[in-house]
Amino acid sequence: MRFYTLPPIKIFWPHVLINANRPETGLAYVRTHRRDVEAIIIDSGIEIFRDPNVKDYPPGHLKRLVWLYNRVRCLCSDAEVWVTAPDYCDDYHPGALWLNADFTNIERTVESVKRALTEHPEVDWLIPVQGHYREPKSVAYCISLYEQEGILDGRDYVAVANLCTERRHDIMVETILIAERMLAPKRIHVFGLDVDVAAKVKQRIFSFDSLAWTFPRSPGLPSCKNSKQRRQYFLAFIKRLEELGLLNGVRW
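Residue numbers in the sequence shown follow the working numbering, run continuously in steps of one, and reach 477 at the last position.
In structure tokens:
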């Protein structure tokens, strides 16, 4: 299984996650380790929707994603590089990104993905499956829309993108099982997946990502505030992944 993250810059990790809204740190990391990085995912920058007043991506966002993809490809010509097509979530503020009952965050995501594929077919897009807040079966609807449009034809890497803020393990597992059943034999990535859930579904997904290593598992301890703590917290997190059997065969 692959685990994507953005480590402290002095620690090598083969699978890197770059934040589209704050690319400088990610670019610095891949520039430092460009000869050894194996795969990179550029996220869509969806965290802008944490602000309930934000209803859409800023003008030119798609072009910025393409620019970032090309920059990363130049730095890491031998690595896999994927860009998450801009999607619309429902977990930060349920219903806030729905245009109406017939055009929800799911339909908006499908239209956004269609635009990305049409305008920039040269990019390796990671297709995000969205859903409605705490409704696992809604991902089946999203996948069916993709299938109707032929978007999944010939694509072997698809991401479950509606679980980033979810805390209920049963909802996470049910969502992943539905996606796996409908998408097999494609590779499945899950954004922001809880590591304990990743351990439960590790035979069913190809990869997941997290930046949760910046916070300790022990309650009451602060998030990392300096380079020494970042290294300590990251290594402790990786040790936890190893204990859960999530890093078999990973070279780092």
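C-beta: ideal position from N, C-alpha, C; glycine also. All of these numbers come straight from a predicted model, not from anything done at the bench.
query: How is the beta strand (DSSP E) around P353 delimited, first residue to last?
result: Taken as a continuous stretch (DSSP letters only), the beta strand (DSSP E) holding P353 covers 350-354.
message: On a Cα-Cα basis, can you pick out the residue from I352, H240, C449 that is closest to E372?
response: The residue among I352, H240, C449 with its C-alpha nearest the C-alpha of E372 is I352.
message: With H, G and I counted as helix, E and B as strand and the rest as coil, what does DSSP make of W307?
response: Correct three-state label for W307: strand.
- prompt: In the DSSP assignment, what residue or residues form a beta bridge with F237?
  reply: Per DSSP, none; premise fails for F237.
The beta strand (DSSP E) enclosing R227, as first and last residue numbers: In the DSSP assignment, R227 falls within the beta strand (DSSP E) that extends over 227-229.
message: Bridge partners for R476 per DSSP, in chain order?
response: Paired residue(s): none; R476 is not in a bridge.
- request: Measure the CB-CB distance between E405 and R429 and report whether it falls below 7 Å.
  value: Result yes, Cβ atoms of E405 and R429 sit closer than 7 Å.
- prompt: How is L242 classed by DSSP in three states: helix, strand or coil?
  reply: If DSSP states are grouped into helix, strand and coil, L242 belongs with the strands.
query: Would a C-beta distance cut-off of 7 Å place A437 and L471 closer than the cut-off?
result: L471 is positioned such that its CB atom lies no closer than 7 Å to that of A437.
query: With 16 as the cutoff for other CB atoms within 10 Å, does E347 come out buried or exposed?
result: Under this definition E347 is an exposed residue.
- prompt: Within 6 Å: the Cβ of L466 and any heavy atom of the ligand FMN?
  reply: With respect to the ligand FMN, the structure shown offers nothing to examine, as it has no ligands at all.
- prompt: Are A304 and I368 touching if we call contact CB-CB under 7 Å?
  reply: Contact: no.
Candidates L418, I236, T309, V262, of which the one nearest S452 by Cα: Nearest option by C-alpha distance: I236.
field: F440 versus P232, I401, G251, F228, residue with shortest Cα-Cα distance
entry: Distance from the Cα of F440 is smallest, within the candidate group P232, I401, G251, F228, for P232.
message: Let's see if you can read the secondary structure: which residues bound the beta strand (DSSP E) around F459?
response: For F459, there is no enclosing beta strand (DSSP E); the enclosing alpha helix (DSSP H) covers residues 452-468.
field: Y317, DSSP secondary structure in three states
entry: Coil.
task: Return the Cβ separation of I376 and V338 in integer angstroms, given the expectation that the two are a contact with Cβ distance under 8 Å.
output: Yes, they are in contact, since the Cβ atoms of I376 and V338 sit about 6 Å apart, within 8 Å.
- prompt: For N473, which residues from the same chain have a beta carbon less than 8 Å from its beta carbon, with the 5 sequence-adjacent residues on both sides left out?
  reply: Excluding residues within five positions, the ones whose Cβ falls inside 8 Å are M226.
Among A321, H357, C449, T257, the one whose alpha carbon lies nearest that of N278: The residue with the shortest Cα to Cα distance from N278 is A321.
Where the beta strand (DSSP E) through R429 begins and ends: Counting along the chain, R429 falls outside any beta strand (DSSP E), and DSSP gives it neither H nor E.
- request: Whole angstroms is fine: what's the gap from S363's alpha carbon to I271's?
  value: Note on geometry: alpha-carbon atoms of S363 and I271 lie some 19 Å from one another.
message: Tell me the residue span of the beta strand (DSSP E) that contains E341.
response: Contrary to the premise, residue 341 reads as Ala rather than Glu in this sequence. Not the beta strand (DSSP E): A341 falls in the alpha helix (DSSP H), residues 330-344.
field: Length at least 3, wholly inside the region 360-385: the beta strand (DSSP E) runs in chain order
entry: Within the region 360-385, the complete beta strand (DSSP E) runs of at least 3 residues are 382-385.
query: Between the C-alpha atoms of K425 and V306, what's the straight-line distance to the nearest angstrom?
result: So the two alpha carbons sit approximately 27 Å from each other.
- request: Tell me whether D268 sits in a helix, a strand or coil according to DSSP, three-state version.
  value: Collapsing the DSSP output to three states places D268 in coil.
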